[in-house]
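Below: one structure, written as structure tokens.
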Amino acid sequence: MQTALLLGKTSFDPVSLAGLPGSLQAWNFLTSWFGSAIDSIATLFVEDLGGAYGFWNNSIENIMNNMVNQIKSAMVQNGMQIETKANNLLSKPWFDHECYIAKKIMKATLTKYIKSNRDLDRLEYVKTRNKYTSILNNKKKKYFCEIQEKLNNTYDSSEFWKTIARFRKRNYTQGNISISDWQQFYNKLLDTESIPDYEPVTMTFLNTDNELTKCITLNEISKEISRIRHGKATGFDDIMNEAIKALPKDYLISLKDIFNRILRTSEFPTTWLKSVIQPIFKNGDPDDPSNYRGIALLSNIAKLFTSILKSRLGSWIERRNIVPENQAGFRAAHSCQDHIFTLLSLIQMTLSRKRRKCYMFFVDLKKPSTQCPTHYYGENW
Numbered sequence: 001m002q003t004a005l006l007l008g009k010t011s012f013d014p015v016s017l018a019g020l021p022g023s024l025q026a027w028n029f030l031t032s033w034f035g036s037a038i039d040s041i042a043t044l045f046v047e048d049l050g051g052a053y054g055f056w057n058n059s060i061e062n063i064m065n066n067m068v069n070q071i072k073s074a075m076v077q078n079g080m081q082i083e084t085k086a087n088n089l090l091s092k093p094w095f096d097h098e099c100y101i102a103k104k105i106m107k108a109t110l111t112k113y114i115k116s117n118r119d120l121d122r123l124e125y126v127k128t129r130n131k132y133t134s135i136l137n138n139k140k141k142k143y144f145c146e147i148q149e150k151l152n153n154t155y156d157s158s159e160f161w162k163t164i165a166r167f168r169k170r171n172y173t174q175g176n177i178s179i180s181d182w183q184q185f186y187n188k189l190l191d192t193e194s195i196p197d198y199e200p201v202t203m204t205f206l207n208t209d210n211e212l213t214k215c216i217t218l219n220e221i222s223k224e225i226s227r228i229r230h231g232k233a234t235g236f237d238d239i240m241n242e243a244i245k246a247l248p249k250d251y252l253i254s255l256k257d258i259f260n261r262i263l264r265t266s267e268f269p270t271t272w273l274k275s276v277i278q279p280i281f282k283n284g285d286p287d288d289p290s291n292y293r294g295i296a297l298l299s300n301i302a303k304l305f306t307s308i309l310k311s312r313l314g315s316w317i318e319r320r321n322i323v324p325e326n327q328a329g330f331r332a333a334h335s336c337q338d339h340i341f342t343l344l345s346l347i348q349m350t351l352s353r354k355r356r357k358c359y360m361f362f363v364d365l366k367k368p369s370t371q372c373p374t375h376y377y378g379e380n381w
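Residue numbers for the sequence shown follow the UniProt record's numbering, so the first one is 1 and each next one is one higher.
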């Protein structure tokens with residue numbers, strides 16, 4: 001996989017719904033507006049390539065680039081290049097357009113009073129200042145009431161901590177690491193040639209079982225799109241989740257044809273092999289690249305395709321009871337709480353007997369996804 005270090009903001013930053021007036025209402029309006037714009041940019045892009053004949057005689061690279069460029073054009077026309085500021089107490093998130101207008105009027109009356117020095121203008125300034133202060137206080141009170149209401153009614157842990165993060169003061173640490181040092185570090189980290197080769201595990205699928213390889217349907221795509229979240233970072237192609245959710249049905253049909261061609265021919269766009277790496281500082285020396293966690297930002301369209309395959313594979317595995325019950329990671333209706341309950345039960349059962357000892361062994365692997373061969377996982381433990 002090719003990678004690129006993130007040196008500043010991407011050209012299309014994720015839309016923050018909190019930064020739009022009316023949040024949900026603005027998003028609904030933007031969605032319909034986006035759908036109209038993308039329809040006006042081009043007709044069904046498969047037809048632009050010459051119909052069905054052109055679809056199969058053009059490379060998947062050209063077809064995907066065509067769709068991505070059309071989506072980007074619609075994003076630009078609809079103002080989906082919104083740069084957001086940190087949403088915390090210091091940025092005054094309650095300060096909206098109404099506060100801005102009231103402040104502007106107050107400054108205008110103050111300037112008028114300074115120039116004229118008349119009592120009438122002074123009274124007008126005092127009136128606009130009091131109105132501005134009242135609007136500001138009401139907005140601030142309403143903002144915190146909404147935060148309190150959201151904390152009381154949220155059942156999603158990610159939304160809860162996202163709300164709490166607004167009140168945290170973060171000290172951002174930036175090390176003095178050159179581009180060449182980053183490239184050398186990630187080239188060594190992602191060097192798969194240093195990992196010994198092992199005999200691959202083979203799985204045999206019956207020819208009659210086409211559950212995993214059957215054609216992707218429009219319902220599958222719509223179901224996975226409904227699960228993706230707003231405000232997520234973009235990958236190398238700069239396509240936001242908000243844009244994918246706003247695609248009209250014709251484009252979803254075209255997307256289905258692309259996915260099925262990839263599934264059938266095993267040919268996929270090279271942009272799906274590229275990622276933007278955002279290093280996040282953990283602890284220790286900020287000048288040491290190993291003290292950063294690299295977050296790879298992938299194409300959202302590619303993640304949509306792989307999420308469909310993941311859902312298929314997950315259902316296929318669960319119905320055949322292939323995964324043991326003690327495996328709780330990345331499984332529906334399983335979580336870390338299951339392991340905590342099991343571990344606590346074992347400890348209590350063991351210690352309830354006389355002169356019993358309980359031993360626990362915890363393993364923390366360093367960078368397991370890139371440096372630890374999976375050959376060891378099931379064989380020696």
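All C-beta atoms in this analysis are idealised placements derived from N, C-alpha and C, irrespective of residue type, glycine included. Predicted, not measured: the structure shown is a model, and the values here were computed from it.
Residue range of the alpha helix (DSSP H) that includes residue i
{"i": "K131", "result": "119-153"}
{"i": "L343", "result": "336-351"}
{"i": "S113", "result": "Going by the sequence as given, residue 113 is Tyr instead of Ser. 97-116 is the span of the alpha helix (DSSP H), which, as asked, contains Y113."}
{"i": "I228", "result": "It is not in any alpha helix (DSSP H) - I228 carries neither H nor E in the DSSP assignment."}
{"i": "N210", "result": "Unbroken run through N210: none, as it is neither H nor E."}
{"i": "E325", "result": "Segment: none, E325 is in no alpha helix (DSSP H) and carries neither H nor E."}
{"i": "N65", "result": "60-77"}
{"i": "Q184", "result": "179-189"}
{"i": "F259", "result": "249-265"}
{"i": "R355", "result": "From DSSP, R355 is part of no alpha helix (DSSP H); its letter is neither H nor E."}
{"i": "N321", "result": "Unbroken run through N321: none, as it is neither H nor E."}
{"i": "K366", "result": "Segment: none, K366 is in no alpha helix (DSSP H) and carries neither H nor E."}
{"i": "T163", "result": "157-164"}
{"i": "K245", "result": "241-245"}
Enclosing beta strand (DSSP E) for residue i [first to last residue]
{"i": "S275", "result": "274-281"}
{"i": "A296", "result": "292-297"}
Per-residue burial, residue i [other beta carbons within 10 Å of its own, 16 or more giving buried]
{"i": "E211", "result": "exposed"}
{"i": "M360", "result": "exposed"}
{"i": "P324", "result": "exposed"}
{"i": "K366", "result": "exposed"}
{"i": "F330", "result": "exposed"}
{"i": "F305", "result": "buried"}
{"i": "M349", "result": "exposed"}
{"i": "W272", "result": "buried"}
{"i": "T234", "result": "buried"}
{"i": "L313", "result": "exposed"}
{"i": "T109", "result": "buried"}
{"i": "I63", "result": "buried"}
{"i": "N326", "result": "exposed"}
{"i": "N152", "result": "exposed"}
{"i": "I179", "result": "exposed"}
{"i": "K340", "result": "The displayed chain sequence assigns Ile, not Lys, to residue 340. By the neighbour-count rule (16 or more Cβ atoms within 10 Å), I340 is not buried but exposed."}
Short CB-CB distance (under 8 Å) between residue i and chain B
{"i": "S299", "result": "No chain B appears in this structure, which consists of one protein chain only."}
Chain-order list of residues whose beta-carbon lies under 8 Å from that of residue i (same chain, five-residue window excluded)
{"i": "E98", "result": "I135, K139"}
{"i": "S335", "result": "A328"}
{"i": "K150", "result": "E159, T163"}
{"i": "K232", "result": "P14, M240, N241, N300"}
{"i": "E123", "result": "For the sequence presented, residue 123 should be read as Leu rather than Glu. Same-chain partners within the cutoff: there are none."}
{"i": "F185", "result": "P289, S290"}
{"i": "L343", "result": "M360"}
{"i": "I114", "result": "none"}
8 Å contact criterion, which residue i and residue j should meet: CB distance rounded
{"i": "R293", "j": "I280", "result": "5 Å"}
{"i": "D250", "j": "G175", "result": "D250 to G175, Cβ: 48 Å. No contact."}
{"i": "M75", "j": "A243", "result": "5 Å"}
{"i": "P93", "j": "Y143", "result": "6 Å"}
{"i": "P289", "j": "D156", "result": "Actually they do not touch by this definition, with Cβ atoms about 34 Å apart."}
{"i": "D121", "j": "K112", "result": "5 Å"}
{"i": "T270", "j": "E61", "result": "6 Å"}
Nonlocal neighbours in the same chain, by C-beta distance under 6 Å from residue i, ignoring five residues either side
{"i": "A296", "result": "S275, I277"}
{"i": "I228", "result": "N241"}
{"i": "S307", "result": "E224"}
{"i": "D338", "result": "A328"}
{"i": "I347", "result": "C358"}
{"i": "residue 383", "result": "Outside the displayed span of the chain (1 to 381) sits residue 383, for which this structure offers no information."}
{"i": "A165", "result": "none"}
{"i": "L298", "result": "G235, S275"}
Own chain partners of residue i with C-beta closer than 7 Å, once the 5 adjacent residues on each side are dropped
{"i": "S345", "result": "none"}
{"i": "L351", "result": "C358"}
{"i": "G284", "result": "N291"}
{"i": "residue 398", "result": "Only positions 1 to 381 of the chain appear in the structure, and residue 398 is not among them; the question remains open."}
{"i": "I216", "result": "K256, F259, N260, L263, I308"}
{"i": "Y100", "result": "none"}
{"i": "I177", "result": "D287, P289"}
Exercise for review: Tell me, please, whether the stretch 124-131 touches the stretch 105-112 by the rule of three or more beta-carbon pairs shorter than 8 Å.
Suggested key: The stretch 124-131 is in contact with the stretch 105-112.
Check your understanding: Should the stretch 232-249 be regarded as contacting the stretch 54-72, the criterion being three or more beta carbon pairs within less than 8 Å?
Key -> In short, these stretches touch, since the Cβ pair count reaches three.
Exercise for review: Would you check if there are 3 or more beta carbon pairs closer than 8 Å linking the stretch 313-325 to the stretch 250-263?
Suggested key: Cβ pair count under 8 Å is below three, so no.
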